[in-house]
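Undergrad: With the numbering used here, the residue at position 93 of the sequence shown is 93, and numbering never jumps. Would you mind keeping the following structure in view while I ask a few things?
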Amino acid sequence: MVIRQWVAINGRGVQMYCRRSMTSARVTRDLGVQEATAKLSPEKRQALLQWLSKSGPFWDDERVYGSDLHLEAQGYPVEGTAIGEAAIRSRDASPNHVYDLISFDPSEWMFSPIEVRWVKEEQDGECAVLPVQNHWKVEQVQARIATARAPHESWWDLARCARQENAQLLFANNAFEPLRGCL
1 MVIRQWVAIN GRGVQMYCRR SMTSARVTRD LGVQEATAKL SPEKRQALLQ WLSKSGPFWD
61 DERVYGSDLH LEAQGYPVEG TAIGEAAIRS RDASPNHVYD LISFDPSEWM FSPIEVRWVK
121 EEQDGECAVL PVQNHWKVEQ VQARIATARA PHESWWDLAR CARQENAQLL FANNAFEPLR
181 GCL
């Protein structure tokens, strides 16, 4: 699975992360990534496998939680997986950052949302359910990218959005004055 962090690629605010060992992963019990990508054109397959094996970015290099959490989905432990990472990142994210998944087709994860149960052992096994949106069709991914917010184009744009999207905060009239030369 690939985490799709909808924040900064191709002008649509999208960034993709994959696991460092993705090329050796199993897509189903009987099918690995190498076999699952066999239907792609040689150029696309090479580019995808290059990204998956060497380019990154890799979510396991930038994990946001430790291995002490107990996360499960569909009866499987998912800590240390893209599913677990996306769930925890989604829980802690601002409304402007969305962490979705992209699954291979075929795979055992072709449904959405994937509900991740976070078992809080320090609270007598209380559970929180963290839904993670999942995409496995190109059309789904393209539709999601089309709705992603474009990155800020200037400091002035960022200042305007900060005021609009954070109505609960009071900004001093001169809060963005140090950026005036940059605006």
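Glycine included, C-beta positions come from ideal geometry on N, C-alpha and C.
1. Pop quiz: ILE114 and ILE83 are said to be a contact at Cβ under 8 Å. What is the actual Cβ separation, rounded to whole angstroms?
2. Can you find at least 3 beta carbon pairs, one from the region 128-135 and one from the region 84-91, that sit closer than 8 Å?
3. So VAL64 and ASP92 are in contact, right, with Cβ under 8 Å, and what is the actual spacing, rounded?
4. Give me, in chain order, the residues of the same chain whose beta-carbon lies closer than 6 Å to that of GLU126; leave out the 5 immediate sequence neighbours on both sides.
5. Quick one: using the 10 Å Cβ neighbour count with 16 as the cut-off for buried, is PHE111 buried or exposed?
6. In whole angstroms, give me the CA-to-CA distance for VAL78 and ASP60.
7. If you compare alpha carbons, which of ALA128, THR81, ARG20 and ASP157 is closest to PHE58?
8. Return the Cβ separation of LEU52 and THR28 in integer angstroms, given the expectation that the two are a contact with Cβ distance under 8 Å.
9. For LEU71 versus ARG26, is the C-beta spacing smaller than 9 Å?
TA: To lay it out plainly:
1. 6 Å
2. yes
3. Going by Cβ atoms, the distance from VAL64 to ASP92 rounds to 7 Å, so yes, they are a contact pair.
4. LYS120
5. exposed
6. 13 Å
7. ARG20
8. With 8 Å as the limit, LEU52 and THR28 do not qualify as a contact, their Cβ atoms being about 17 Å apart.
9. no
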